[in-house]
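Colleague: As they're listed, the protein sequences go chains A and B.
According to this note's numbering, the first sequence is numbered sequentially starting from 234.
According to this note's numbering, the second sequence is numbered sequentially starting from 234.
Right, I'll just put the structure down here and ask away after.
2 protein chains.
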Amino acid sequence: MAVNLRSPDPRSLFPIDGVELGWAEAGIRKPDRKDLLVVRIDEGAAVAGVFTQNRFAAAPVLLCREHLAANKRARALLVNTGNANAGTGEPGLAAARASCDELAGMIGCDARQVLPFSTGVIMESLPVDRLIAGLPQALNRLAADHWSQAAETIMTTDTVPKAVSRQVRIGEKSVTLTGIAKGAGMIRPNMATMLGFIATDADIPLSMAQRLTQHAADQSFNRITIDGDTSTNDSFVVIATGRGPLRIESESNDLYVAFRDALTDVARGLAHAIVRDGEGATKFIEVRVEQAASENEASRVAYAVAHSPLVKTAFFASDPNLGRILAAVGYAGIDDLDPARVQMHLDDVYVVRDGGRHPAYREEDGQRVMKNSEIVVRLQLGRGEAATAVWTTDLSHDYVSINADYRS
Amino acid sequence: MAVNLRSPDPRSLFPIDGVELGWAEAGIRKPDRKDLLVVRIDEGAAVAGVFTQNRFAAAPVLLCREHLAANKRARALLVNTGNANAGTGEPGLAAARASCDELAGMIGCDARQVLPFSTGVIMESLPVDRLIAGLPQALNRLAADHWSQAAETIMTTDTVPKAVSRQVRIGEKSVTLTGIAKGAGMIRPNMATMLGFIATDADIPLSMAQRLTQHAADQSFNRITIDGDTSTNDSFVVIATGRGPLRIESESNDLYVAFRDALTDVARGLAHAIVRDGEGATKFIEVRVEQAASENEASRVAYAVAHSPLVKTAFFASDPNLGRILAAVGYAGIDDLDPARVQMHLDDVYVVRDGGRHPAYREEDGQRVMKNSEIVVRLQLGRGEAATAVWTTDLSHDYVSINADYRS
Numbered sequence: 234m235a236v237n238l239r240s241p242d243p244r245s246l247f248p249i250d251g252v253e254l255g256w257a258e259a260g261i262r263k264p265d266r267k268d269l270l271v272v273r274i275d276e277g278a279a280v281a282g283v284f285t286q287n288r289f290a291a292a293p294v295l296l297c298r299e300h301l302a303a304n305k306r307a308r309a310l311l312v313n314t315g316n317a318n319a320g321t322g323e324p325g326l327a328a329a330r331a332s333c334d335e336l337a338g339m340i341g342c343d344a345r346q347v348l349p350f351s352t353g354v355i356m357e358s359l360p361v362d363r364l365i366a367g368l369p370q371a372l373n374r375l376a377a378d379h380w381s382q383a384a385e386t387i388m389t390t391d392t393v394p395k396a397v398s399r400q401v402r403i404g405e406k407s408v409t410l411t412g413i414a415k416g417a418g419m420i421r422p423n424m425a426t427m428l429g430f431i432a433t434d435a436d437i438p439l440s441m442a443q444r445l446t447q448h449a450a451d452q453s454f455n456r457i458t459i460d461g462d463t464s465t466n467d468s469f470v471v472i473a474t475g476r477g478p479l480r481i482e483s484e485s486n487d488l489y490v491a492f493r494d495a496l497t498d499v500a501r502g503l504a505h506a507i508v509r510d511g512e513g514a515t516k517f518i519e520v521r522v523e524q525a526a527s528e529n530e531a532s533r534v535a536y537a538v539a540h541s542p543l544v545k546t547a548f549f550a551s552d553p554n555l556g557r558i559l560a561a562v563g564y565a566g567i568d569d570l571d572p573a574r575v576q577m578h579l580d581d582v583y584v585v586r587d588g589g590r591h592p593a594y595r596e597e598d599g600q601r602v603m604k605n606s607e608i609v610v611r612l613q614l615g616r617g618e619a620a621t622a623v624w625t626t627d628l629s630h631d632y633v634s635i636n637a638d639y640r641s
Numbered sequence: 234m235a236v237n238l239r240s241p242d243p244r245s246l247f248p249i250d251g252v253e254l255g256w257a258e259a260g261i262r263k264p265d266r267k268d269l270l271v272v273r274i275d276e277g278a279a280v281a282g283v284f285t286q287n288r289f290a291a292a293p294v295l296l297c298r299e300h301l302a303a304n305k306r307a308r309a310l311l312v313n314t315g316n317a318n319a320g321t322g323e324p325g326l327a328a329a330r331a332s333c334d335e336l337a338g339m340i341g342c343d344a345r346q347v348l349p350f351s352t353g354v355i356m357e358s359l360p361v362d363r364l365i366a367g368l369p370q371a372l373n374r375l376a377a378d379h380w381s382q383a384a385e386t387i388m389t390t391d392t393v394p395k396a397v398s399r400q401v402r403i404g405e406k407s408v409t410l411t412g413i414a415k416g417a418g419m420i421r422p423n424m425a426t427m428l429g430f431i432a433t434d435a436d437i438p439l440s441m442a443q444r445l446t447q448h449a450a451d452q453s454f455n456r457i458t459i460d461g462d463t464s465t466n467d468s469f470v471v472i473a474t475g476r477g478p479l480r481i482e483s484e485s486n487d488l489y490v491a492f493r494d495a496l497t498d499v500a501r502g503l504a505h506a507i508v509r510d511g512e513g514a515t516k517f518i519e520v521r522v523e524q525a526a527s528e529n530e531a532s533r534v535a536y537a538v539a540h541s542p543l544v545k546t547a548f549f550a551s552d553p554n555l556g557r558i559l560a561a562v563g564y565a566g567i568d569d570l571d572p573a574r575v576q577m578h579l580d581d582v583y584v585v586r587d588g589g590r591h592p593a594y595r596e597e598d599g600q601r602v603m604k605n606s607e608i609v610v611r612l613q614l615g616r617g618e619a620a621t622a623v624w625t626t627d628l629s630h631d632y633v634s635i636n637a638d639y640r641s
């Protein structure tokens, strides 16, 4: 079902010096599937993360925040699928702590150097014994070229593993970035997506890593939505091992922007992959809002359109019932919006001029665009210079089927 | 498909002295269906309305506001289905004006005493010639006992006509109230629902009618949601003909609250009927939020739950995947929410205690409630005294089918 998205060729995923990945079939929820991932990080890496703003943040998210705040350099990521360990109260926190303790003992580091991540069903107890029992198998499999298997391990309702890898030259130095992510549903990231991990061999300070992580998330995962549901477990982590030749010490360095762009490009590739593989997705839609008075305003309009079930079902049906988009613009909460200044294009088709149907607009033209699998909705508000884009999917029968059956 | 909702027995709908209703098959969008309604109101009635807050408000909504502001006593409502006359710019406004002019000429009143309403597809030109050609037929059929046919005439994707009628005694005087409404999709009213009309024979001042209309809307139509899409055409009108024995001159009168409650009861009956007949609905769900710090906060949490596609698909599947409700509470935008103070009941089942799964909660108990067609979700936030309730439906395959096929 995924929209123009294929499994990455494992040979296209560059290893990152200083990072090894191993998986296990721990039987967290179901037997005989990869559901446990360990990412071992060499000493001295700069590791930073951004996490969900959901107030019911999962136990592993709470622990990640606590461990990163302790200012120890992270040495491992520990990821399980099949159980979100969210809405689980104190016992959930204790389970997450126990899993960090065990892994720390096995690899020889402080428990606060382990960052835990969980994804799956909310409000069920984490089977921590099975998780811990799976750790030796995962450690036995640690290798630098296991990115493809790692991407498979973190899938839930994803239909395609998601990985992006780049090798670029920045100021005569080569830098490598490789990332994986999982998505599919409960996707309206707020600070980060469900799970996304990018590693690079660049050598950067920890404080810069944190700002770069935030920037990349804002330009990628924080601009996608599938169903408007912000997860309890969203986490995005960047690991900079410092083992490669590129070293950036300050943000005033000429190389900084080039590296930031490369990182953002990988993050955006992963974010787009999540949308393309959104639950039930048959279309990949970019909602671009221009001429807004502020970026916040542009964002509100873009999300109103991207979340409207009526707009999304019209895309699913390839029905150019485009008045539904205007209705969503109208309820986006801009009190002083002047409809007479609003323009709308669907790809190259000028649909709405000055708030009403363009006299030259013909339904056949709208129909032609709606049949595409990739569509850009461009809205101009006539209020200012700010702009944004968000990426989303249509709403199909399969979305309902997947979410009505998820636990069965 | 409607949830525990049947067509009203025409004999249960009391006529209102001073109001007559007539319909026509004007062929606005399709031939041979009732699609034009005229409600003729005797002189001297107090008529008040509340309208959508959508900035792309339809031409008829703009005209209703203009006509009511002119402070002329309304003498007729003119309603068409099949075309929303929204996103139609100046030509749409001219078409709505022409229809009011014609009807005013036929019944002998000022054009500003006619209130127009449209519902149907957005961004298509209103076929005003066909509408005007249908007026004589509608006027020929004017009669006080045509409420049932009027309810049928204003249906679009509704599967059941919606009407509520009450005769109550207030301070020894009898008062009659009869109302009709249409809903089905693009339902997250903001000030009023798609179309709702209530008439009463009470004798009340115009200013009181306006405040009562707002109050009734706030307690009914403004608390329902099907898909979160606020329509361009929401309109709710109350007609008080003053022909009955009940007369209320001031809001300090003892009878005022009793009458307000009777009016609100009728409005809530219509609003619930709209939810029960929501597009694809198989469940009627009340989301009740208690112990909030403010009513606004309670409302935000209630709507976050009521709009979550994941929560709605779980209800459709009768799957007690109730962690999805906690996730929605968590992203409702209350920054200082303490999860450890949150309690959740599903009907009589205590599911979440102090932010985590209740130790005594058994999935069978949740399952039992989820199978019901009417369910109350009760959330206590542990922050204050404010409370609210909103009413919504599940999200089913039929919602997608209906909205993917609506125009075909």
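Glycine residues also receive a C-beta, built at the ideal position from the N, C-alpha and C atoms.
Out of L503(A), Y536(A), A526(A), M339(A), point me to the one whose CA is closest to D191(A)'s CA.
Modeller: Residue numbering for chain A in the displayed model covers 234 to 641; residue 191(A) lies beyond these limits and cannot be assessed.
Colleague: I'd like to know if V236(B) contacts chain A, where contact means its C-beta is closer than 9 Å to some C-beta of that chain.
Modeller: No, V236(B) does not count as interfacial toward chain A.
Colleague: What residues from the stretch 339–356 of chain A come within 7 Å of chain C, judged by C-beta to C-beta, listed N to C?
Modeller: Any reference to chain C falls outside this structure, whose protein chains are A and B.
Colleague: Just mark G338(B) as buried or exposed, buried being the case when its beta carbon has 16 or more other beta carbons within 10 Å.
Modeller: It is exposed - the Cβ of G338(B) has fewer than 16 other Cβ atoms within 10 Å.
Colleague: Enumerate in chain order the residues of its own chain whose CB-to-CB distance from T546(A) is below 6 Å, with the five nearest sequence positions on each side excluded.
Modeller: So the qualifying residues of the chain are L628.
Colleague: Find the residues of chain B that neighbour S541(A), judging by a C-beta separation of less than 7 Å, and give them in chain order.
Modeller: Those within 7 Å of S541(A) in chain B are D462.
Colleague: Can you check whether the CB of T621(B) is closer than 9 Å to the CB of G589(A)?
Modeller: Their beta carbons are not under 9 Å apart, which means G589(A) does not touch T621(B) by this criterion.
Colleague: How many Å lie between A651(B) and N316(B) at the Cα?
Modeller: What is shown of chain B runs 234 to 641, which leaves residue 651(B) out entirely.
Colleague: In the structure shown, what three-state DSSP assignment does P553(B) receive?
Modeller: DSSP places P553(B) in coil when its eight states are reduced to three.
Colleague: In chain order, which beta strand (DSSP E) runs of at least 3 residues are fully inside the stretch 570–628 of chain B?
Modeller: Segments of the beta strand (DSSP E) lying fully in the stretch 570–628 of chain B: 576–579, 582–586, 607–613, 619–626.
Colleague: Three or more C-beta pairs under 8 Å: does that hold for the stretch 255–268 of chain A against the stretch 357–376 of chain A?
Modeller: With the cut-off at 8 Å, the stretch 255–268 of chain A and the stretch 357–376 of chain A touch.
Colleague: Considering Cα atoms alone, identify which of R402(B), R262(B), F549(B), L296(B) is closest to S358(B).
Modeller: Nearest option by C-alpha distance: R262(B).
Colleague: Just how far apart, CA to CA, sit F350(B) and D631(B)?
Modeller: Approximately 27 Å, taken between the alpha carbons.
Colleague: How far does the beta strand (DSSP E) with L269(B) in it reach, from first residue to last?
Modeller: Its beta strand (DSSP E) spans residues 269–274.
Colleague: Nearest by alpha-carbon distance to L445(B): which of Y489(B), L295(B), L238(B) is it?
Modeller: Checked all of Y489(B), L295(B), L238(B); the closest Cα to L445(B) is Y489(B).
Colleague: I'd like the list of long-range same chain contacts for A500(B), defined as Cβ closer than 6 Å, with 5 residues on each side in sequence excluded.
Modeller: Contacts found: A449, S453.
Colleague: For V470(A) versus G502(A), is the C-beta distance shorter than 9 Å?
Modeller: No, the Cβ-Cβ distance between V470(A) and G502(A) is not below 9 Å.
Colleague: Report the rounded CA-to-CA distance for V280(A) versus R493(A), giving the unit in angstroms.
Modeller: Distance between the alpha carbons of V280(A) and R493(A): 15 Å.
Colleague: Provide the residue span of the alpha helix (DSSP H) that contains I365(A), from first to last.
Modeller: Where I365(A) is concerned, the enclosing alpha helix (DSSP H) stretches over 361–373.
Colleague: Apart from the five residues just before and just after Y594(A), which ones in its own chain have a Cβ nearer than 6 Å to its Cβ?
Modeller: Taken in chain order, the residues that qualify are V584.
Colleague: From R402(B) to V408(B), what distance separates their C-alpha atoms?
Modeller: Their Cα atoms are separated by approximately 6 Å.
Colleague: Is L375(A) closer than 9 Å to L348(A) when the C-beta atoms are compared?
Modeller: No, they are not a contact pair.
Colleague: Beta-carbon of T625(A) versus every beta-carbon of chain B: anything under 9 Å?
Modeller: No, T625(A) lies away from the interface with chain B (no Cβ there is under 9 Å from its Cβ).
Colleague: Just the Cα atoms here: how many angstroms apart are E596(B) and L559(B)?
Modeller: In a straight line, the C-alpha of E596(B) is about 16 Å away from that of L559(B).
Colleague: Can you find a CB in chain A that lies within less than 9 Å of the CB of S629(B)?
Modeller: For S629(B), the answer is yes, since a Cβ of chain A falls inside 9 Å of its Cβ.
Colleague: Threshold first: 3 residues or longer. Then list the beta strand (DSSP E) segments lying entirely within the stretch 452–510 of chain B, N to C.
Modeller: Taking only runs of at least 3 residues, the beta strand (DSSP E) segments lying wholly in the stretch 452–510 of chain B are 468–473.
Colleague: Give me, in chain order, the residues of the same chain whose beta-carbon lies closer than 8 Å to that of A226(B); leave out the 5 immediate sequence neighbours on both sides.
Modeller: A query on residue 226(B) cannot be resolved here, the shown segment of chain B reaching from 234 to 641 and no further.
Colleague: Let me see if you follow: with CB-CB separation under 9 Å, is R557(A) close to chain B or not?
Modeller: Yes, its Cβ sits closer than 9 Å to a Cβ of chain B.
Colleague: For P349(B), does the three-state DSSP call read helix, strand or coil?
Modeller: Strand, per DSSP.
Colleague: If you run the structure through DSSP and keep just helix, strand and coil, what is N651(A)?
Modeller: Residue 651(A) lies beyond the stretch modelled for chain A, which goes from 234 to 641, so this question has no answer here.
Colleague: Is it the case that the stretch 264–281 of chain B contacts the stretch 381–389 of chain B, given that we only count it when at least three CB pairs across the two stretches are under 8 Å?
Modeller: Verdict: yes, contact present.
Colleague: Return yes when the Cβ of P243(B) is within less than 9 Å of the Cβ of D378(B), no when it is not.
Modeller: Yes, Cβ-Cβ distance for D378(B) and P243(B) is below 9 Å.
Colleague: Assign S532(A) to one of three DSSP states: helix, strand, or coil.
Modeller: Here S532(A) sits in helix by DSSP.
Colleague: Using a Cβ cut-off of 9 Å, pull out every chain B residue sitting near A319(A), in sequence order please.
Modeller: Under the 9 Å cutoff, chain B gives G556, L559, A560, G563.
Colleague: Pick helix, strand or coil for I253(B), following the three-state DSSP scheme.
Modeller: The sequence given here places Glu at residue 253(B); Ile does not occur at that position. Residue state, collapsed to three classes: strand.
Colleague: Among L543(A), V602(A), I413(A), E405(A), whose alpha-carbon lies nearest the alpha-carbon of P394(A)?
Modeller: When only C-alpha atoms are compared, the closest one is I413(A).
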